[in-house]
DNA sequence: ATCTATTCCTGGCTGC
DNA sequence: TGCAGCCAGGAATAGA
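Residue numbers (our numbering): 48 to 312.
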């Protein structure tokens, strides 16, 4: 599941290879669910720049914007092989091909004139927000810590893996009430988020499920996961049996001993 | 404002 | 080996 580090890896890999080129052709196959609106208007446009916006990828064109969200299993592959889950084929100037693959079709491709309203409403970038502002915003909400980290209007880019990993590293219980978390602990959470995201970016993201970079290569941060996907295994810090619970209807992995900051209502 | 359940979809897993 | 049944999960949405 591509989150901020995976999307960052894709964008950085793609940028030097596609910026400046024109989208000469666009072929959609079984893309009914994945393609939103008039995606065909991206055809003929030149890619001016490429950037990440939370978990979204923004292709800034000479007219309009191509917005890509990879959902759970979306892939953007440069010069990859067309397969049964290929939904869009962008033929680029110079002969390169950019494919959009998506097995579960939770991803979306959209052409818009400007940044959609719903994207403008998303929260700040986790790597840009300052610690004090993070603490203030976190403690001004009244919800569970995990739910807040997953809320893209609070922060854009953190998903299930990095939320669990950051909460573990900060010693915060996923069900801790945001408004009751002591400021020092909220600051530790901010530090943990920044640390875990940066480390994951350095390792090219986490390759579980279908994630690959734009050249098909795998990330390696999955070997650094301390709680995500490790329910039943011993905690790397204290040896306790890691647990998996549901928080905000999301599978949530944590150490019941190391993450005890849960606040009583 | 916050919370839960539901929907989309298919590969991968379990159990027989 | 095959097959039915179940499940995860990002984000939008409905309803409480």
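Positions of the beta carbon are idealized from the N, C-alpha and C atoms, including for glycine.
With three or more beta-carbon pairs closer than 8 Å as the criterion, would you say the stretch 177-188 touches the stretch 111-121? no
Less than 7 Å between C-beta atoms, sequence neighbours within five positions excluded: which residues of the same chain meet that for residue 60? For the purposes of this step, residue 60 is taken as the residue at position 13 of the first chain. The answer, listed in chain order, is 260, 261 and 262.
Considering only C-alpha positions, which residue in the set 73, 96 and 95 is nearest to residue 85? Translated into positions along the first chain, residue 85 becomes position 38. Of the listed residues, the one whose Cα sits closest to residue 85 is 73.
Among 165, 203 and 293, the one whose alpha carbon lies nearest that of residue 52: As a working mapping, residue 52 is identified with position 5 in the first chain. It is 203.
Can you look up residue 144 in the DSSP assignment and give me helix, strand or coil? Counted from its first residue, the first chain places residue 144 at position 97. Residue state, collapsed to three classes: strand.
Which stretch, first to last residue, makes up the alpha helix (DSSP H) that contains residue 164? Translated into positions along the first chain, residue 164 becomes position 117. Run containing residue 164: 164-167, per the alpha helix (DSSP H) assignment.
Let me make sure I understand the geometry here. Which of 163, 225 and 238 has the alpha-carbon closest to that of residue 83? Looking up residue 83 in the first chain gives position 36. Minimum Cα distance to residue 83 is reached at 163.
Leaving out five residues before and five after residue 229 in sequence, what residues of the same chain have Cβ atoms less than 6 Å from its Cβ? Translated into positions along the first chain, residue 229 becomes position 182. Spatial neighbours of residue 229 in its own chain (CB-CB distance under 6 Å, excluding positions within 5 residues in sequence) are not present.
Alpha carbon to alpha carbon, how far is residue 175 from residue 102? Position 128 of the first chain, counted from the first residue, corresponds to residue 175. Position 55 of the first chain, counted from the first residue, corresponds to residue 102. Residue 175 and residue 102 have their C-alpha atoms some 15 Å from each other.
Suppose you measure from the CA of residue 69 to the CA of residue 155; what does that come to, to the nearest Å? Looking up residue 69 in the first chain gives position 22. Looking up residue 155 in the first chain gives position 108. Near 21 Å, if we compare the C-alpha coordinates of residue 155 and residue 69.
Just the Cα atoms here: how many angstroms apart are residue 92 and residue 148? Along the first chain, read from residue 1 onward, the residue named residue 92 stands at position 45. Along the first chain, read from residue 1 onward, the residue named residue 148 stands at position 101. Each residue's Cα considered, the two are about 21 Å apart.
What span of residues does the alpha helix (DSSP H) with residue 100 cover, start to end? Taking the first residue of the first chain as 1, we reach residue 100 at position 53. No alpha helix (DSSP H) contains residue 100, which is instead part of the beta strand (DSSP E) from 94-100.
From the DSSP output, in three-state form, read off residue 300 for me. Start at 1 with the first residue of the first chain, and residue 300 comes out as number 253. Here residue 300 sits in strand by DSSP.
Quick check: residue 160 and residue 143, are their CB atoms within less than 8 Å of each other? Looking up residue 160 in the first chain gives position 113. Looking up residue 143 in the first chain gives position 96. No; because the gap between Cβ atoms is not below 8 Å, this pair is not in contact.
Taking the DSSP output, what are the residues bridged to residue 49? For the purposes of this step, residue 49 is identified with residue 2 of the first chain, where counting begins at 1. DSSP, once it has assigned bridges, lists no residue as partnering residue 49.
For residue 212 and residue 273, believed in contact at Cβ under 8 Å, the rounded distance: Position 226 of the first chain, counted from the start, is the residue given in the question as residue 273. Position 165 of the first chain, counted from the start, is the residue given in the question as residue 212. Yes, they are in contact, since the Cβ atoms of residue 273 and residue 212 sit about 6 Å apart, within 8 Å.
Taking only the alpha-carbon atoms, compute the straight-line gap between residue 288 and residue 138 and give it to the nearest angstrom. As a first step, residue 288 must be located in the first chain, where it is residue number 241. As a first step, residue 138 must be located in the first chain, where it is residue number 91. So the alpha carbons of these two residues sit roughly 50 Å apart.
Taking DSSP as the reference, what is the three-state secondary structure of residue 262? Against the first chain, residue 262 aligns to sequence position 215. Coil, per DSSP.
With the cut-off set at 8 Å, would you say residue 94 and residue 66 are in Cβ contact? Your numbering for residue 94 matches position 47 in the first chain. Your numbering for residue 66 matches position 19 in the first chain. It is a contact, given that the beta carbons lie within the stated cut-off.
So, using beta-carbon positions, are residue 225 and residue 195 closer together than 8 Å? For the purposes of this step, residue 225 is taken as residue 178 along the first chain, with counting starting at 1. For the purposes of this step, residue 195 is taken as residue 148 along the first chain, with counting starting at 1. Yes, they are a contact pair.
Using CA atoms only, rank isn't needed, just tell me which of 151, 233 and 98 is closest to residue 79. By 1-based counting over the first chain, the position of residue 79 is 32. Answer by Cα proximity: 151.
Could you tell me which whole beta strand (DSSP E) segments of length 3 or greater appear in the stretch 58-139? 70-75, 94-100, 103-108, 112-116, 121-125 and 133-139
Here's a check: name, in chain order, each residue in its chain whose Cβ is nearer than 7 Å to the Cβ of residue 307, leaving out the five neighbours to either side. Position 260 of the first chain, counted from the start, is the residue given in the question as residue 307. Contacts found: 220.
What does a CB cutoff of less than 6 Å around residue 181 pick up in its chain, not counting 5 residues either side in sequence? Translated into positions along the first chain, residue 181 becomes position 134. Excluding sequence neighbours, residue 181 sits near 237.
Hey, could you find the ends of the beta strand (DSSP E) residue 246 is sitting in? By one-based count along the first chain, residue 246 stands at place 199. No beta strand (DSSP E) holds residue 246; the alpha helix (DSSP H) holding it covers 230-249.
Distance check for residue 134 and residue 257, CA to CA, integer angstroms please. For the purposes of this step, residue 257 is taken as residue 210 along the first chain, with counting starting at 1. For the purposes of this step, residue 134 is taken as residue 87 along the first chain, with counting starting at 1. About 15 Å.
Own chain residues within Cβ distance below 7 Å of residue 62, not counting five before or after: Stepping through the first chain from its first residue, residue 62 is reached at position 15. Around residue 62: 97.
Helix, strand or coil for residue 291, going by three-state DSSP, please let me know. Your numbering for residue 291 matches position 244 in the first chain. The answer is strand: DSSP assigns residue 291 an E or B state.
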